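Undergrad: Pasting a structure below so you can have a look.
Here it is in structure tokens:
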């Protein structure tokens, strides 16, 4: 740890980690070790920093170890890759609280179905109801499609773009400094046509759109124009200019006790991406009034089906590329172990029951 970074870490009072389910056990322990060392408080969890974590373990899991060596490392040191099996978690008296009120959906029946999928307790009645609702013909090509793989997403977006007439415009990102390829916030080369379905990738300073807003390209040139439909159904055309994402190096002044930052890399591109399709992984945190869920041949990750279904606000907005199967509803047994051990003062848990085929 550099002296400057040590000063910054020593200044932290509260650390907030969102989407904690995507943080693996090793990273949790790494955060703990770094804070203990930097703050010279080696006997205190996280070096005495207050840590607040948000997330749902029933949603998508941390990335699995890729190499044989990584897999062996986790097998030798942890009960699982999950954050709750980190040494700092098991050795610390952390307070857990389950938030049970659902805000995205309003229909009680749909909430009940989603809770059943979340816990892996889908009975025949629920399975049939979901499949019946999702079997309707897809109304148009502009509906969002949620897929399990990037390959399928790119294929759908390319196919949809190719169906549009007119010329294509490709905008090349302007990259300065050491901006890592795997951390690009937008497409390095963004190809669009008039009529393309797009998603905004960052909030607008004038609050005309937010990260995740979708719209349709209406004009291409030095500036791109996108038509966005508001919550009451009115359409608005907005000019979209290139946005700049910055990466910073932080420094801490011990005398003024102020944290400052210097720009070390910049990435400039139109804050848009094609949005006829998106991966279920990327959709986590988003909300859609309607969506087509394409699970392909099979789901391969715990929580994948639950995340996809729970992005949709109502059963009326659900469309399925194929019927759901019992094998699509996967719950990680490590998550069940963890959740069963929590002391909760809410009534958000579903009573145990054997799942039935549907």
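Residue numbers (our numbering): 12 to 369. Just so it is clear, CB atoms sit at the ideal spot from N, CA and C, and this is done for glycine as well. Predicted model, so just to flag it, every value in this text is computed and none were measured.
Examine the Cβ distances between the segment 142-159 and the segment 241-261 and report whether three or more of them are shorter than 8 Å.
TA: Touching, no.
Undergrad: Would you mind sorting residue 296 into buried or exposed? The rule is 16 or more other CB atoms within 10 Å of its CB.
TA: Flag for residue 296 reads exposed.
Undergrad: What does a CB cutoff of less than 6 Å around residue 321 pick up in its chain, not counting 5 residues either side in sequence?
TA: Here the set comprises 125.
Undergrad: Please list the terminal residues of the continuous alpha helix (DSSP H) segment that includes residue 139.
TA: Element bounds for residue 139: 135-145.
Undergrad: Taking 9 Å as the threshold (C-beta atoms), are residue 91 and residue 345 in contact?
TA: Cβ atoms of residue 345 and residue 91: closer than 9 Å.
Undergrad: Leaving out five residues before and five after residue 17 in sequence, what residues of the same chain have Cβ atoms less than 7 Å from its Cβ?
TA: Here the set comprises 49.
Undergrad: Starting from residue 249, trace the beta strand (DSSP E) in both directions and tell me its first and last residue.
TA: Note, residue 249: beta strand (DSSP E), 246-251.
Undergrad: Give the DSSP-derived three-state secondary structure of residue 345 in the structure shown.
TA: It is helical.
Undergrad: What does residue 155 pair with, by DSSP beta-bridge criteria?
TA: According to DSSP, which records beta bridges pairwise, residue 155 is partnered with 302.
Undergrad: When the Cα of residue 373 is compared with those of 47, 77, 287 and 141, which residue comes out closest?
TA: Here the chain covers residues 12 to 369 and nothing more, so residue 373 does not appear.
Undergrad: Could you give the distance in angstroms between the alpha-carbon of residue 127 and the alpha-carbon of residue 133?
TA: C-alpha separation (whole angstroms): 5 Å.
Undergrad: Excluding the 5 residues preceding and the 5 following residue 84 in the sequence, name in chain order all residues of the same chain whose CB lies nearer than 8 Å to its CB.
TA: The residues are 37 and 76.
Undergrad: Could you pull the start and end residues of the alpha helix (DSSP H) that residue 215 belongs to?
TA: Here residue 215 belongs to no alpha helix (DSSP H), and DSSP marks it neither H nor E.
Undergrad: Among 242, 231, 58 and 209, which has the Cα closest to the Cα of residue 44?
TA: Answer by Cα proximity: 58.
Undergrad: How long is the line joining the alpha carbons of residue 276 and residue 197, rounded to whole angstroms?
TA: Cα to Cα, the separation comes out at about 14 Å.
Undergrad: Express the C-alpha separation of residue 203 and residue 325 in angstroms, rounding to a whole number.
TA: Cα-Cα distance, rounded: 31 Å.
Undergrad: Between which residues of its own chain and residue 35 is the CB-CB distance below 6 Å, once the five residues before and five after are set aside?
TA: Only 73 and 92 meet the Cβ criterion.
Undergrad: Which runs of the alpha helix (DSSP H) at least 4 residues long sit entirely within the segment 26-90? Give them in chain order.
TA: Within the segment 26-90, the complete alpha helix (DSSP H) runs of at least 4 residues are 36-49 and 79-88.
Undergrad: For residue 40, tell me which candidate among 102, 81 and 290 has the shortest Cα-Cα distance.
TA: Residue 40 has its Cα closest to that of 102, out of 102, 81 and 290.
Undergrad: From 151, 22, 232 and 28, pick the residue whose C-alpha is nearest to that of residue 67; which is it?
TA: Out of 151, 22, 232 and 28, 28 has the C-alpha closest to the C-alpha of residue 67.
Undergrad: From the DSSP output, which residues share a beta bridge with residue 186?
TA: DSSP lists 278 as partners of residue 186.
Undergrad: Where residue 352 and residue 104 are concerned, what is the direct C-alpha to C-alpha distance, given to the nearest angstrom?
TA: Between residue 352 and residue 104, the C-alpha separation is close to 13 Å.
Undergrad: Can the beta-carbon of residue 205 be found less than 9 Å from the beta-carbon of residue 225?
TA: Not a contact, by the Cβ cut-off of 9 Å.
Undergrad: To which residues does DSSP link residue 200 through a beta bridge?
TA: Answer is 183.
Undergrad: Taking the C-alpha atoms as reference points, what is the distance between residue 69 and residue 26?
TA: Approximately 23 Å, taken between the alpha carbons.
Undergrad: Taking DSSP as the reference, what is the three-state secondary structure of residue 107?
TA: In this structure, residue 107 counts as coil in the three-state DSSP scheme.
Undergrad: Am I right that residue 172 and residue 285 are in contact with their C-beta atoms under 8 Å? What's the rounded C-beta distance?
TA: Their Cβ separation, rounded to whole angstroms, is 6 Å, which keeps residue 172 and residue 285 in contact under 8 Å.
Undergrad: Is residue 61 buried or exposed, if buried means 16 or more other CB atoms sit within 10 Å of its CB?
TA: Result: exposed.
Undergrad: Output needed for residue 149: all residues of its chain with C-beta closer than 7 Å, excluding positions within five of it in sequence on either side, in chain order.
TA: Around residue 149: 303 and 330.
Undergrad: Can you tell me which residues form a DSSP beta bridge with residue 230?
TA: Paired residue(s): 236.
Undergrad: Let me make sure I understand the geometry here. Which of 106, 97 and 144 has the alpha-carbon closest to that of residue 120?
TA: Nearest option by C-alpha distance: 144.
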